[in-house]
Amino acid sequence: MALDFSAIEAKWRKAWYEAKVNESVPVPGKKKFFMIFAYPGVTGYLHVGHMRGYTFSDAVVRYKMMTGHQVLFPVGTHATGNGAITFARRVERGDPVAVDVLRANGVPEETIAKLKDPMEVVKFLNDVFINDYWKRFGFMSDWRRFTCTIYPDYSKFIEWQMRKLMSEGLLIQKPYFAPACLEHGPVAIDASETDISKGGNAEVLEYTVLKFDLEDGRKLVAATLRPETVFGLTNFWVNPEVEYVDAQVDGEIWVVSREAAEKLALQKDKVLVKGSADGASLMAKRCRAPYTGKMIPIFPSVLCDPNVGTGLVMSVPSDAPVDWIGLVELRKDTAQRERYGITDQMMDEAAPIPIIDTPGWGSLPAIEITERMGIDSLADPKLEEATKEIYKTGFHKGVMNEICGGFAGQPVERAKDAMRDEMLSSGQADLFYDLSEEVLCRCGGKVLVKKIPDQWFIDYASPTLTERAKEHALTMKILPREYYENMQAVLEWYRERACVRLGNWLGTRFPFDQKWIIEAIADSTLYPAYYIVSRYANEGLVRPDGMTEEFFDFVMLGKGNSEAVATSTGVPRETLDAIRSEFEYWHPLDINLGGKEHMTVHFPVFLMNHVAILRPEHWPRGIIVNWYITATGGKISKSKGGAQPIPDAAERFGVDAMRLFYAHIASLYVDVPWDDEKVEGYRDRLERLWSQVQELLEVRADEESGIDAWLAARMQTRLFTLHRYMDTYDLRSYVNDVYFEMPRDFKWYLRRYGKNKSVVSKALETWIALMAPVTPHIAEEMWQLSGREQFVSTYQIQPGSVDEHIIIEEAKERLIERLMADVAEIVKVTGLEPKRTVVMVAPKWKQEMLAMALSDPKGKPDVPALIKGAISTVESPAAKKEVPAYAKDVSTEVMKASAEDRQMLGALIDEMSVLSAAKGFLESELGCAVEIFAADDPGRADPKGKARLAKPGRPAIYLE
RNA sequence: GCAGGGGUAGCCAAGCCCGGUCAACGGCGCAAGGCUUAGGACCUUGUCCAGAAGUGGUUCCGCGGUUCGAAUCCGCGCCCCUGCACCA
146 MALDFSAIEA KWRKAWYEAK VNESVPVPGK KKFFMIFAYP GVTGYLHVGH MRGYTFSDAV
206 VRYKMMTGHQ VLFPVGTHAT GNGAITFARR VERGDPVAVD VLRANGVPEE TIAKLKDPME
266 VVKFLNDVFI NDYWKRFGFM SDWRRFTCTI YPDYSKFIEW QMRKLMSEGL LIQKPYFAPA
326 CLEHGPVAID ASETDISKGG NAEVLEYTVL KFDLEDGRKL VAATLRPETV FGLTNFWVNP
386 EVEYVDAQVD GEIWVVSREA AEKLALQKDK VLVKGSADGA SLMAKRCRAP YTGKMIPIFP
446 SVLCDPNVGT GLVMSVPSDA PVDWIGLVEL RKDTAQRERY GITDQMMDEA APIPIIDTPG
506 WGSLPAIEIT ERMGIDSLAD PKLEEATKEI YKTGFHKGVM NEICGGFAGQ PVERAKDAMR
566 DEMLSSGQAD LFYDLSEEVL CRCGGKVLVK KIPDQWFIDY ASPTLTERAK EHALTMKILP
626 REYYENMQAV LEWYRERACV RLGNWLGTRF PFDQKWIIEA IADSTLYPAY YIVSRYANEG
686 LVRPDGMTEE FFDFVMLGKG NSEAVATSTG VPRETLDAIR SEFEYWHPLD INLGGKEHMT
746 VHFPVFLMNH VAILRPEHWP RGIIVNWYIT ATGGKISKSK GGAQPIPDAA ERFGVDAMRL
806 FYAHIASLYV DVPWDDEKVE GYRDRLERLW SQVQELLEVR ADEESGIDAW LAARMQTRLF
866 TLHRYMDTYD LRSYVNDVYF EMPRDFKWYL RRYGKNKSVV SKALETWIAL MAPVTPHIAE
926 EMWQLSGREQ FVSTYQIQPG SVDEHIIIEE AKERLIERLM ADVAEIVKVT GLEPKRTVVM
986 VAPKWKQEML AMALSDPKGK PDVPALIKGA ISTVESPAAK KEVPAYAKDV STEVMKASAE
1046 DRQMLGALID EMSVLSAAKG FLESELGCAV EIFAADDPGR ADPKGKARLA KPGRPAIYLE
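Residue numbers (this note's numbering): 146 to 1105.
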């Protein structure tokens, strides 16, 4: 009987939302729990992987709700930036990929037509996220509080946030070099390629440009990442095939490639191209190197790429494999040399000069590595690897050698910056920024690095802010543990961050200068606080124009009084007071959950903005990071499943099966591939549990059974450990016990002839309730099936306690289980089919000795003392002989035991009566007669002398 | 480069912070038996090696160390992975 999961889900989500159990209401005096997950950006559809973190959050929130908390679990979306614009553009030009995806998701043509408008895209995707994802998954979210970063009221909040940062002195202005499209302004370079169409892996490199004087006063300008190597300069490379220009920069004439001049113009105040410069005419001339003043010859090289750096290269053959091979090739290329008049003597002058001592390398590593790797041509692709290798080891381990003047003996790592700074201040060098690979804007135009002279930053480098944030982070619950420790380093490492951008983006205008739009990360740091206000905005109780500085100062910081604020804003006083008291009730935020990509971006700024703006008692209490659901190759793909739209997956597998999959497949802190079959496996498990609940509801008897006390006890220990798991948000362990261990408890109960209706009913109530946080729909259905009213979702789960009585009940059953396992083991090894099983219970003196050993305060029982104690009480000579061996045995057993084991070992039970009571059960399970004796009963049957093996908790066994 | 993470039985994956409860949770796969043979089923048991007695042996990337005792702590080595700023 397959369950109709879809129907069950629809039924319960409707019921919950109609009954408004999802709406968050402060109840003064009652505990609260406030959790969010980092809201997603509305750049397109989400996939099944995204639901992992959201579902985890919902399960935690539901659990909190069922354990005595009022919960606040609001959701929103992030629309700042150009994601929605890009989306709309694609629809507008009929991009088949974009349009097909929409059609595949069942979007009608008239709706698609509307999506040419970015605002419509935001609206549309907001609806998709809320209805098709979050509501579909049954989230306990207060939908009245939904907000989006481009709502006018949200903007008011962001303006206020920026004003607070400004008054705290945390907004600063300085030049910035940002990747930008000439057409569209600054763009983000990242692998997901939100803003760009090519080059997502490029980075902005900071080159030192070194100026080499020509005789005529012009300067050849080379861009390098290794300014410290000027001591090893032997020659200069110019590409005779390339067109260079004379560019006037800061009153000097620089010779650079035409492309470089264009780039320079974006970064320097005044760059004037005066005319073209012929590369060939420079050949065999000399130029003066910066810093050392050495005159070096100019040689031809086809490797000077006009698009890279300045299009000119300085040559350091000692440490740059490319330069060395260039020289080798040039020496052989007599035709080229004759053409440009390069003599043998000039070649000899360009012999490599050792400048860096690197452990593991000789004095000329470039030569060494090219020989080792067998590189003898500039065409060899291995050159790049060789360069990287030398650069890496040289940079980290190298030391400048004795010819390096004032830098001799300095590690390269330090010398590099020191030399750059020295040459910069003497005017022999300059800085130049370039991208490591070609980047193209969405529009197809080139992305180049552009200087923005008046860029605004949030000063996350501020020492006081950093210190306060670090200190506070130490008091937070940050999971996983590794990230808790890492957070200190991340906060320390965080620098100023650009917080506004130019161009046509969605977002809030910068209140201090309207030409800027507040950037996407800056407007998403303090927003948990805004969910307190959003409800009032959504319901029209506060309008954006009432959201003044005084308004937010009052509701979030408690500044001023509601009467005055009501007068100045026009917002009714009672509304102001209500918001203010909600703010106080729900804050601080208990958990912010987000994907691992937030670890070095969002979480630190989230923290620092709270610290900078809100009062300390309102700073967030916890962060949980989740890893991803992936497919082989890293991204969700069609082949492994998972590419289907979320509603389709929900239809196919069932929401609860997906929720169970997310919660159990692995710890939150590892990546896991999506796998259709696994999800099906979880769905099957839910169906089995459903059948088991039905079966348990068949239990009807009124009379007690011997196993009743055990089931009740077991429920208590389960509750106890389950709550302990949830204290650390260890949902996986929780799920493992509830869905995989607890079913066995019930099975064992029935197997042991348990049949008491009220006992089962009580245990079942607990069990179904424990399922509700993770698989709420099926849990509600079970709840209803078992004749219960109300929602299981609002039921309060008991805390669970473990006392001595409970331990004894558990120990009794453990005796039976161990006995059966031992018999099974013996049967397996011997191949016997027992006709009779003789069970011999350990004598009293062994129990006493065990108790004595357990009572040892150091946990290291004293064997001689144990022997002495037993000898006096034991009477039979045969038993006396056993004493020393058993004493040793008991001692090691006690030493090895954990605290829980000791409790169990120490539980004093009357084994004889426990086994006698279970005799019928054992006979039926073992399929033979069972006889129970005391091991020291002379009347027992023990032809094989097994009786002496009897230990407390593990009786001796004889089979025949 | 900066800041971090990881290597566990056929596969996935717990455990590692707080050493003994660990031959090592759980799932998947596989095997045997049962139940049924409408069903991607379900139930029980087993699944490192050895064993006619409940046991012993060998394991948690490799090598060393600390300890009565190490998958867990320390050192070295090999291999793999993640995030990194106007992308949320």
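The beta-carbon is built from N, C-alpha and C at its ideal position, and this holds for glycine as well. Quantities reported herein were computed from a predicted structural model and do not represent experimental measurements.
*Cutoff 6 angstroms; reference Ala155; Cβ partners in own chain excluding five residues on either side*: In the first sequence, counting from the first residue as 1, residue 155 sits at position 10. Nothing listed; no residue qualifies.
Where does Pro1088 land, buried or exposed, given buried means 16+ other C-beta within 10 angstroms? Locating residue 1088 in the first sequence gives position 943, where the first residue counts as 1. In summary, Pro1088 is exposed, with fewer than 16 beta-carbon neighbours lying within 10 Å of its beta-carbon over all protein chains present.
Checklist entry - At a cut of 8 angstroms, does the segment 272–292 reach the segment 198–211 through at least three beta carbon pairs? => result With a cut-off of 8 angstroms, the segment 198–211 and the segment 272–292 count as touching, because enough Cβ pairs lie within range.
- Could you pull out every residue in the same chain whose Cβ sits closer than 7 angstroms to the Cβ of Lys1064, ignoring the five residues on either side in sequence? For this step, residue 1064 is matched to residue 919 along the first sequence. By the criterion of a C-beta distance shorter than 7 angstroms, Lys1064 is surrounded in its chain by Val1075 and Ile1077, once the five residues flanking it on both sides are discounted.
Q. Pro445 and Met491: beta carbons closer than 7 angstroms?
A. In the first sequence, residue 445 corresponds to position 300, counting from 1. In the first sequence, residue 491 corresponds to position 346, counting from 1. Not a contact, by the Cβ cut-off of 7 angstroms.
So, under 8 angstroms CB-CB, Gln393 and Lys364 are touching, yes? Tell me the CB distance rounded to an integer number of Å.
The count along the first sequence starts at 1 and reaches residue 393 at position 248. The count along the first sequence starts at 1 and reaches residue 364 at position 219. At roughly 11 angstroms, the Cβ-Cβ gap does not stay under 8 angstroms, so Gln393 and Lys364 are not in contact.
- request: Alpha carbon to alpha carbon, how far is Pro466 from Ile501? Give it in angstroms, no decimals.
  value: Start at 1 with the first residue of the first sequence, and residue 501 comes out as number 356. Start at 1 with the first residue of the first sequence, and residue 466 comes out as number 321. Roughly 14 angstroms separates the two Cα atoms.
Pick from Lys1026, Tyr730, Glu583 and Ala802 that is closest to Val193, judged by C-alpha positions = In the first sequence, counting from the first residue as 1, residue 193 sits at position 48. When each option's Cα is compared against that of Val193, the closest is Ala802.
Residues sharing a beta bridge with Phe1078, DSSP = In the first sequence, residue 1078 corresponds to position 933, counting from 1. Paired residue(s): Met985.
Checklist entry - Which one or two residues does DSSP pair with Lys622 in a beta bridge? => result If you number the first sequence from 1, residue 622 lands on position 477. Gly767, per the DSSP bridge assignment.
Query raised in the report: For the beta strand (DSSP E) that Val383 lies in, which residues bound it at each end?
Result: Along the first sequence, one-based indexing puts residue 383 at 238. Boundaries of the beta strand (DSSP E) harbouring Val383: Asn380 to Val383, taken from the DSSP string.
Original post:
Ile810 and Ala956: beta carbons closer than 7 angstroms?
Top reply: Within the first sequence, residue 810 is the residue found at index 665, counting from 1. Within the first sequence, residue 956 is the residue found at index 811, counting from 1. The answer is no: Cβ separation not under 7 angstroms.
Selected residue, minimal CA-CA separation from Glu360, among Ile398, Gly705 and Ala347: Numbered from its first residue, the first sequence carries residue 360 at position 215. Checking every option, the nearest Cα to that of Glu360 belongs to Ile398.
Along the chain, which unbroken stretches of the alpha helix (DSSP H) at least 4 residues long are found entirely within the segment 943–1023?
Counting whole runs of 4 or more residues, the segment 943–1023 contains the alpha helix (DSSP H) stretches 949–975, 989–999 and 1008–1018.
Point to revise | DSSP three-state assignment for Ser581, whether helix, strand or coil | key: The sequence position of residue 581 within the first sequence is 436, counting from 1. Three-state result, Ser581: coil.
>> The beta strand (DSSP E) that contains Tyr1103, what's its start and end?
In response: As a position in the first sequence, residue 1103 is number 958, starting the count at 1. Segment Ala1101 to Leu1104, the beta strand (DSSP E) holding Tyr1103.
For my contact list, Met985 and Ala858 are in at a C-beta cut-off of 8 angstroms; report their separation, rounded to the angstrom.
-> Position 840 of the first sequence holds residue 985. Position 713 of the first sequence holds residue 858. Actually they do not touch by this definition, with Cβ atoms about 27 angstroms apart.
Check: CB-CB under 6 angstroms to Pro1006, same chain, minus the five flanking residues each way: which ones, in chain order?
Finding: The sequence position of residue 1006 within the first sequence is 861, counting from 1. Ala998, Ser1036 and Val1039.
Review point. For Trp601, does the count of other Cβ atoms within 10 angstroms reach 16, so buried, or fall short, so exposed?
Key: The count along the first sequence starts at 1 and reaches residue 601 at position 456. Flag for Trp601 reads buried.
- Message: I'd like to know whether the C-beta atoms of Ser342 and Leu585 end up nearer to each other than 7 angstroms.
- Response: Position 197 of the first sequence holds residue 342. Position 440 of the first sequence holds residue 585. Yes, the pair counts as a contact, with Cβ atoms nearer than the cut-off.
Assign Gln941 to one of three DSSP states: helix, strand, or coil. Position 796 of the first sequence, counted from the first residue, corresponds to residue 941. Taken through DSSP and simplified to helix, strand or coil, Gln941 comes out as coil.
Quick check: the segment 870–878 against the segment 941–955, are there 3 or more CB pairs under 8 angstroms? In this structure the segment 870–878 does not touch the segment 941–955; the number of beta carbon pairs closer than 8 angstroms is below three.
query = What separation, rounded to the nearest whole angstrom, lies between the Cα atoms of Asn771 and Trp731?
reply = Mapped onto the first sequence, residue 771 falls at position 626. Mapped onto the first sequence, residue 731 falls at position 586. C-alpha separation (whole angstroms): 24 angstroms.
What runs of the beta strand (DSSP E), each 3 residues or longer, lie entirely inside the segment 168–248? For the segment 168–248, whole beta strand (DSSP E) runs of length 3 or above, ordered along the chain, are 177–182 and 215–217.
### Distance between beta carbons of Glu168 and Asp287, contact taken as under 8 angstroms
Locating residue 287 in the first sequence gives position 142, counting from the first residue. Locating residue 168 in the first sequence gives position 23, counting from the first residue. Yes, Asp287 and Glu168 are in contact; Cβ-Cβ is about 5 angstroms, under 8 angstroms.
| Roughly how far, in whole angstroms, is the beta-carbon of Leu417 from the beta-carbon of Ile470, given that I think they are within contact range, below 8 angstroms? | In the first sequence, the residue the question calls residue 417 occupies position 272. In the first sequence, the residue the question calls residue 470 occupies position 325. Under the criterion of beta carbons closer than 8 angstroms, Leu417 and Ile470 do not qualify as touching, at roughly 37 angstroms.
First and last residue of the uninterrupted alpha helix (DSSP H) at Trp835: Walking along the first sequence from the start, residue 835 turns up at place 690. Trp835: member of the alpha helix (DSSP H) spanning Asp821 to Leu842, first to last residue.
I'd like the span of the alpha helix (DSSP H) that includes Met307, first residue to last. Position 162 of the first sequence, counting from 1, holds the residue named residue 307. Its alpha helix (DSSP H) spans residues Pro297 to Ser312.
Exposed or buried, Ile487, counting other C-beta atoms within 10 Å across all chains shown (16 or more means buried)? Counted from its first residue, the first sequence places residue 487 at position 342. Answer is buried; the Cβ neighbour count reaches 16.
**Prompt:** Tell me which same chain residues have a C-beta within less than 7 angstroms of the C-beta of Ser463, skipping the five on either side of it?
**Reply:** In the first sequence, counting from the first residue as 1, residue 463 sits at position 318. Cβ neighbours of Ser463 within its own chain (closer than 7 angstroms, five residues either side excluded): Gly377, Pro497, Ile498, Pro499, Ile500, Leu509 and Ala511.
- Task: Give the straight-line distance between the Cα atoms of Ala243 and Arg587, rounded to the nearest whole angstrom.
- Result: Along the first sequence, one-based indexing puts residue 243 at 98. Along the first sequence, one-based indexing puts residue 587 at 442. Spanning the two alpha carbons is a distance of roughly 15 angstroms.
Apply the 10 Å Cβ neighbour rule to Leu576 and answer buried if 16 or more other Cβ atoms are within range, or exposed otherwise. The count along the first sequence starts at 1 and reaches residue 576 at position 431. Burial state of Leu576 is exposed, judged by a 10 Å Cβ sphere holding fewer than 16 other Cβ atoms.
ask   = How about Trp382 and Val461: do their beta carbons lie closer than 7 angstroms?
value = To locate residue 382, count along the first sequence from 1; it is residue 237. To locate residue 461, count along the first sequence from 1; it is residue 316. Result no, Cβ atoms of Trp382 and Val461 do not sit closer than 7 angstroms.
**Nearest-angstrom beta carbon gap, Tyr436 and Gln555 [assumed within contact, 8 angstroms]** = If you number the first sequence from 1, residue 555 lands on position 410. If you number the first sequence from 1, residue 436 lands on position 291. With 8 angstroms as the limit, Gln555 and Tyr436 do not qualify as a contact, their Cβ atoms being about 15 angstroms apart.
So for Ser342, helix, strand or coil by DSSP?
Here residue 342 corresponds to residue number 197 of the first sequence, with the count starting at 1. Ser342 falls in the strand class under three-state DSSP.
- Starting from Ile443, trace the beta strand (DSSP E) both ways and give me its first and last residue. Indexing the first sequence from 1 puts residue 443 at position 298. In the DSSP annotation of this structure, the continuous segment of the beta strand (DSSP E) that includes Ile443 starts and ends at Met440 to Pro445.
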